[in-house]
Structure formats: C-alpha cells, structure tokens
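Asker: Heads up: the sequence lines are chains C and Y, in that order. Just so you know, we're using this note's numbering here: the first sequence kicks off at 1 and counts up by one. Just so you know, we're using this note's numbering here: the second sequence kicks off at 1001 and counts up by one. The beta-carbon is built from N, C-alpha and C at its ideal position, and this holds for glycine as well. Since we're looking at a predicted model, the values are computed, not measured.
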Amino acid sequence: GENVEQHPSTLSVQEGDSAVIKCTYSDSASNYFPWYKQELGKRPQLIIDIRSNVGEKKDQRIAVTLNKTAKHFSLHITETQPEDSAVYFCAATRLNQAGTALIFGKGTTLSVSS
Amino acid sequence: SQTIHQWPATLVQPVGSPLSLECTVEGTSNPNLYWYRQAAGRGLQLLFYSVGIGQISSEVPQNLSASRPQDRQFILSSKKLLLSDSGFYLCAWRLGLAGKSYNEQFFGPGTRLTVL
C-alpha cells in the first residue's frame, strides 16, 4: 500500500525567510498530492494541491513541486509570516478496489518567529 | 454548499465503555466518507472509509468499527474503549466520482476523545 514520508518533523524559521517541506511516496499509481494546514485544535484545511500531470503549481506565497520519477513532492512557502505557524501535512492518493483514500505524512510543525 | 458535521465535539469516557461518534454531510450525494484519528502531536491515521451505503473498508485491525447506514451518515463505534483510543477523530468527505481521484477532501470539525 501507499506510504508517505514527510521531513522535517519540525521547522523553525525567521519571519521573511522561506520554508521547504519534503515528502516522498511509494505508490507509482498515486496521482493527486494535496497539502493541508492545521492550526492548533482545528481541522486540517487544504492550502494547495497538485495533480500528477503537472510539475509545479503556485498560489501567491506557496508553491508545490512534483517529481513523479523520484516520487517526491515539496511545499515551498516564501516570505513566511507568524500566521504561517501551524502543522503542515502532505498526502497522496491510494487507489484500490475498495476506492480512493488519502494517505498522510506525519506532519511538519512550522514555527515562524518575528 | 456542502457542510460536514461531527458530534459530539468533546467526549470523556472511562476505559471499557462503548463509543459512538457520528458524522453527517449535507449538500452532496454519494460522497466518499473517511474516519481518521490523530493522536496527540501525531499524524493523521486513516481508520475506515466508505464509498457507499453499507460498504466499509478497514485500514487497521483494532477495537473500532464503522458503519454507513445512510448515504450521508458515517458512524464510528467501539464496544469497549482502551486508553490508546484517546485522540482527535476527524471525519472527512470527498466527491465520489468514478475514475476521479483528484477531488478535494474536506474535514469535519472533529471529536476530541479522552479515555480515562
């Protein structure tokens, strides 16, 4: 089955710096890779996603890159702000006879200090 | 628009007691439904998912079970809770479109369960 590894588990940056979170997946059939942001005590919220037929996607300060050959994808946050502090999760689809499910990485706690 | 509800929001239960958590979705039909558990400071572990009424796929063998008695209702149950069942339980849904796996998944507000 699908296995998603996420690194680093914690990341501390200064306000204005960039932050990069990396994930790898094992199932070559995976075709959708979303990123979620979870603030303390709240539900995860989708911040950006990428499909397998695209190599890069950008939305203002956040971007995601995908390397299907190497089976890894990354989240890039530029000009970080204190409100970016949260736990970030990557995920990849797993498809089987029972249907489609998102398998998540273990999360990265991002701390942005001003 | 679609809305997902979970209740209760918080729950404190003794070890060995039963459990029933409910999730309902409004504004869509035939959604794919999911239960995830998040232990304190940990990741999102997929527990169960369902692509239709009465269809349940289990991810990990444990003392939990799930049921889908109606199209937009998903229930997580246990006959006897363990200490290790404590955590934040999240229900999620996404459009159940055949052949389309790249649909956004939406999470419910979650139930925080403490087993004492």
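Compute the beta-carbon to beta-carbon distance between E1022 of chain Y and W1007 of chain Y, rounded to the nearest angstrom, for a pair I have assumed lies under 8 angstroms.
Answerer: Mapped onto the second sequence, residue 1022 of chain Y falls at position 22. Mapped onto the second sequence, residue 1007 of chain Y falls at position 7. Confirmed, Cβ separation roughly 6 angstroms.
Asker: Under 7 angstroms between beta-carbons, which chain Y residues line up against A101 of chain C? List them in chain order, please.
Answerer: In the first sequence, residue 101 of chain C corresponds to position 101, counting from 1. By Cβ distance, chain Y contributes Y1034, L1046, Y1049.
Asker: Does P44 of chain C get closer than 8 angstroms to chain Y when you measure Cβ to Cβ?
Answerer: Looking up residue 44 of chain C in the first sequence gives position 44. True, the Cβ-Cβ gap to chain Y drops below 8 angstroms.
Asker: Check P82 of chain C in the structure and name its three-state DSSP category.
Answerer: As a first step, residue 82 of chain C must be located in the first sequence, where it is residue number 82. Three-state result, P82 of chain C: helix.
Asker: Any beta carbon of chain C sitting closer than 8 angstroms to that of E1022 of chain Y?
Answerer: Counting from 1 along the second sequence, the entry for residue 1022 of chain Y is found at position 22. Judged by the 8 angstroms Cβ criterion, E1022 of chain Y is not in contact with chain C.
Asker: Could you pull the start and end residues of the beta strand (DSSP E) that Q1062 of chain Y belongs to?
Answerer: Residue 1062 of chain Y sits at position 62 when you count from the first residue of the second sequence. Note, Q1062 of chain Y: premise wrong, no beta strand (DSSP E); not H, not E.
Asker: Check the C-beta distance from V112 of chain C over to T80 of chain C and give it rounded, since I have them as a contact under 8 angstroms.
Answerer: Counting from one through the first sequence, the residue named residue 112 of chain C turns up at place 112. Counting from one through the first sequence, the residue named residue 80 of chain C turns up at place 80. Indeed, because the Cβ distance is near 5 angstroms, the residues count as touching under 8 angstroms.
Asker: From the beta carbon of L1011 of chain Y, is the nearest beta carbon of chain C less than 8 angstroms away?
Answerer: The residue you call residue 1011 of chain Y lines up with position 11 of the second sequence. For L1011 of chain Y, the answer is no, since every Cβ of chain C falls outside 8 angstroms of its Cβ.
Asker: Would you decide whether K1079 of chain Y is buried or exposed? Buried here means 16 or more other CB atoms lie within 10 Å of its CB.
Answerer: The residue you call residue 1079 of chain Y lines up with position 79 of the second sequence. Exposed: under 16 other Cβ atoms inside 10 Å.
Asker: Mind checking if L1090 of chain Y is an interface residue toward chain C, Cβ cutoff 8 angstroms exclusive?
Answerer: The sequence position of residue 1090 of chain Y within the second sequence is 90, counting from 1. Yes, its Cβ sits closer than 8 angstroms to a Cβ of chain C.
Asker: Relative to the C-alpha of A63 of chain C, which candidate in C:Q45, C:S18, C:Q38 has its C-alpha closest?
Answerer: Taking the first residue of the first sequence as position 1, residue 63 of chain C is located at position 63. Nearest C-alpha to A63 of chain C: C:S18.
Asker: Between the Cα of R94 of chain C and those of Y:T1003, Y:T1028, Y:F1107, Y:S1057, spot the shortest distance and give me the residue it belongs to.
Answerer: The residue you call residue 94 of chain C lines up with position 94 of the first sequence. If we check each option's Cα against that of R94 of chain C, Y:S1057 comes out closest.
Asker: Classify I77 of chain C: buried if its beta carbon has 16 or more other beta carbons within 10 angstroms, exposed otherwise.
Answerer: Numbered from its first residue, the first sequence carries residue 77 of chain C at position 77. When all chains shown are included, I77 of chain C counts as buried.
Asker: In whole angstroms, give me the CA-to-CA distance for Q6 of chain C and L1019 of chain Y.
Answerer: Along the first sequence, read from residue 1 onward, the residue named residue 6 of chain C stands at position 6. Along the second sequence, read from residue 1 onward, the residue named residue 1019 of chain Y stands at position 19. Their backbone Cα atoms lie some 32 angstroms apart in a straight line.
Asker: Going by other Cβ atoms of all chains shown within 10 Å of its Cβ, with 16 needed for buried, is G1016 of chain Y buried or exposed?
Answerer: Residue 1016 of chain Y sits at position 16 when you count from the first residue of the second sequence. It is exposed - the Cβ of G1016 of chain Y has fewer than 16 other Cβ atoms within 10 Å.
Asker: Quick check on S1086 of chain Y - is its C-beta less than 8 angstroms from some C-beta in chain C?
Answerer: Taking the second sequence and counting its residues from 1, one reaches residue 1086 of chain Y at position 86. Output row for S1086 of chain Y: interface = no.
Asker: Using the C-alpha atoms, what's the distance from S1065 of chain Y back to E39 of chain C?
Answerer: Translated into the one-based positions of the first sequence, residue 39 of chain C becomes position 39. Translated into the one-based positions of the second sequence, residue 1065 of chain Y becomes position 65. One C-alpha to the other measures close to 28 angstroms.
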